[in-house]
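A short write-up of the structure that comes next.
Residue numbers (our numbering): 330 to 583.
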């Protein structure tokens, strides 16, 4: 018997924001297929947490920087959907996986730039393209950007440029996939206390204080400030939100 429950595919779901998104989706009654890059034990722990909430879950390895591997990945997705979820398709694609780069514009190398392209632009572009046959009509695409695409802090030129590109791409996805009833939106977090960029915001008291000082609500963000927004965008209440950028930064640099 095929499952009627809705399923989200969350890239980079083993830790940080992706983990929080996955758990909040599960709390909304959505099953979760998450990906991890290298931390299988962490991913398995998130799967166990989701199952403890009464939802189905599974984890698959994925390197979003390697577009050549996407066909094989989606072959695995198809098998996993059938075996673990009793489903043919999934409804929500959350392009969250990513790595940070802190380097001055004048010193950014071509290799660093190429990595940012592959992880944050080429990866989500072609991963979403390859996902289309398995993404159900009426589904949702949520791309994760950054407050850094709106305001500028030194050291983020390459990373933020890719996020700016993703924001434009999201509008094109909304336009071109609208005929299938698929909505596409961007969630743009501000600075969040996770292990992203080596835990810079979370663990460096100076950076933490600096971020809090430029934020209207007077603190740095926490993962639980972001996950519920992604989960909301996957509910029926959010059905008419399309081609939008939702920044969740507590009012950074306003």
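Yeah, the Cβ is synthetic: ideal placement off N, Cα and C, and Gly gets one too.
When the distance is taken between beta carbons, is residue j closer than 9 Å to residue i?
{"i": "residue 578", "j": "residue 544", "result": "yes"}
{"i": "residue 517", "j": "residue 496", "result": "yes"}
{"i": "residue 387", "j": "residue 346", "result": "no"}
{"i": "residue 410", "j": "residue 375", "result": "no"}
{"i": "residue 393", "j": "residue 463", "result": "no"}
{"i": "residue 344", "j": "residue 373", "result": "no"}
{"i": "residue 341", "j": "residue 427", "result": "yes"}
{"i": "residue 574", "j": "residue 490", "result": "no"}
{"i": "residue 562", "j": "residue 469", "result": "yes"}
Classify residue i as buried or exposed, calling it buried when 16 or more other Cβ atoms lie within 10 Å of its own Cβ.
{"i": "residue 364", "result": "buried"}
{"i": "residue 452", "result": "buried"}
{"i": "residue 466", "result": "exposed"}
{"i": "residue 501", "result": "exposed"}
{"i": "residue 384", "result": "buried"}
{"i": "residue 568", "result": "exposed"}
{"i": "residue 576", "result": "buried"}
{"i": "residue 367", "result": "exposed"}
{"i": "residue 542", "result": "exposed"}
{"i": "residue 538", "result": "exposed"}
State the CB to CB distance for the pair residue i and residue j, rounded to an integer number of angstroms; the pair is presumed to be in contact (CB under 8 Å).
{"i": "residue 360", "j": "residue 334", "result": "5 Å"}
{"i": "residue 336", "j": "residue 420", "result": "6 Å"}
{"i": "residue 456", "j": "residue 424", "result": "7 Å"}
{"i": "residue 349", "j": "residue 556", "result": "3 Å"}
{"i": "residue 449", "j": "residue 492", "result": "7 Å"}
Between which residues of its own chain and residue i is the CB-CB distance below 6 Å, once the five residues before and five after are set aside?
{"i": "residue 480", "result": "582"}
{"i": "residue 403", "result": "459"}
{"i": "residue 499", "result": "472, 513, 515"}
{"i": "residue 560", "result": "353, 354, 357"}
{"i": "residue 418", "result": "463, 465"}
{"i": "residue 338", "result": "362, 419, 422"}
{"i": "residue 400", "result": "none"}
In its own chain, which residues sit with a C-beta less than 7 Å from the C-beta of residue i, not counting the 5 before and 5 after it?
{"i": "residue 564", "result": "357"}
{"i": "residue 484", "result": "431, 432, 433"}
{"i": "residue 441", "result": "430, 432, 487"}
{"i": "residue 378", "result": "352"}
{"i": "residue 509", "result": "466"}
{"i": "residue 540", "result": "520, 530, 549"}
{"i": "residue 382", "result": "355, 356"}
{"i": "residue 525", "result": "345, 429"}
{"i": "residue 444", "result": "394"}
{"i": "residue 447", "result": "394"}
{"i": "residue 478", "result": "489, 492, 493, 496, 517"}
{"i": "residue 380", "result": "386"}
{"i": "residue 551", "result": "521, 522"}
Can you give me the Cβ contacts of residue i inside the same chain, cut-off strictly under 8 Å, excluding the 5 residues immediately before and after it?
{"i": "residue 571", "result": "503, 507, 512, 513, 514"}
{"i": "residue 436", "result": "none"}
{"i": "residue 558", "result": "516, 575, 577"}
{"i": "residue 554", "result": "518, 521, 577, 579"}
query: What are the start and end residues of each continuous alpha helix (DSSP H) run of 4 or more residues lying completely inside the stretch 346 to 395, in chain order?
result: 369 to 381
task: Write down every uninterrupted run of the beta strand (DSSP E) in the stretch 439 to 493 whose length is 3 residues or greater and which is fully enclosed by it, in chain order.
output: 464 to 473
In chain order, each beta strand (DSSP E) run of at least 3 residues that lies wholly inside the stretch 486 to 557: 512 to 518
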